[in-house]
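Notes for the one structure printed next.
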Amino acid sequence: MLGLSGAGRADAQQIIGEKDGRDIVTVRNIEQTGSKQDLPIFPGISGKTAGAKHLSMLRVVIPPGGRAKAHIHKGYETAVYLLQGEVETRYGEGLKKSVINRAGDFIFIPPDVPHQPVNLSDTQAAIAIVVRNDPDEQEHVVPYPAGKAD
């Protein structure tokens with residue numbers, strides 16, 4: 007039997023399927039939430055939404071001219087696919103290194119690497135899909151004292 011939350015409203019978040027480890031689960035019409043990184047996120051797959059045990063997947067939006075708070079993902083790897091925009095990611099000790107990525111780039115961030123993505127456009131949001139080997143996406147996000155201005 008397929009479970010459906012948010013039934014009755016076309017724009018309501020829907021979770022289709024049972025989180026029992028035997029069903030395929032679909033998460034639709036994801037609602038925006040905040041994050042420890044101070045960016046709007048749209049949590050898709052996680053332990054909470056889909057019963058995932060080893061990963062999470064979400065969409066993140068960096069507003070025009072915006073940036074995340076510097077942070078690390080304690081003990082977890084992160085993979086990013088940049089859908090739209092151009093982002094400079096400051097990273098490493100004191101955030102002294104940086105890389106610029108464009109739409110279509112795949113990005114890997116090892117565990118515990120301090121980083122801070124910055125949208126380089128003042129007119130267009132940067133949008134990315136983020137996957138972590140952590141089903142509790144925000145639980146292991148730790149603020150990092152920035153070496154550059156936040």
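According to the numbering used here, the residues represented by the sequence shown are 7 to 156, in order.
Beta carbons are placed, not taken as given, at the ideal position from N, Cα and C, and that holds for glycine.
Proximity below 7 Å, CB of residue i to CB of residue j
i, j, result
"A109", "Q90", "yes"
"N139", "Y87", "no"
"G173", "D142", "As displayed, the chain neither begins before 7 nor continues past 156, which places residue 173 out of reach and without an answer."
"I47", "V66", "yes"
"V93", "A132", "yes"
"V136", "L64", "yes"
"A134", "F114", "no"
"A103", "H146", "For clarity, residue 103 is Lys in the given sequence; the question names Ala instead. Not closer than 7 Å, so no."
"P78", "P49", "It should be pointed out that residue 78 corresponds to Ile in this sequence rather than to Pro. Result no, Cβ atoms of I78 and P49 do not sit closer than 7 Å."
"E37", "Q20", "no"
Host alpha helix (DSSP H) of residue i (start-end)
i, result
"A56", "G53 to A56"
Secondary structure of residue i, DSSP reduced to three states
i, result
"L64", "strand"
"E200", "One cannot answer for residue 200 here, as it falls past the ends of the chain, which runs 7 to 156."
"L126", "coil"
"I36", "coil"
"V119", "coil"
"G81", "coil"
"G50", "strand"
"Q20", "strand"
"T149", "It is Pro, not Thr, that sits at residue 149 in the sequence shown. Note: P149 maps to strand in three-state DSSP."
Endpoints, the beta strand (DSSP E) within which residue i is located
i, result
"R28", "First-last for R28: undefined, no H or E at that position."
Min CB distance residue i to chain D below 7 Å
i, result
"Y82", "Looking for chain D here will not work: only one protein chain is present."
Counterpart residues of residue i in DSSP-defined beta bridges
i, result
"A134", "V66 and L88"
"E94", "I106 and V124"
With three or more C-beta pairs closer than 8 Å as the rule, is the region 21 to 30 touching the region 92 to 107? no
Cβ pair count under 8 Å reaching 3, the region 121 to 138 against the region 66 to 74: yes
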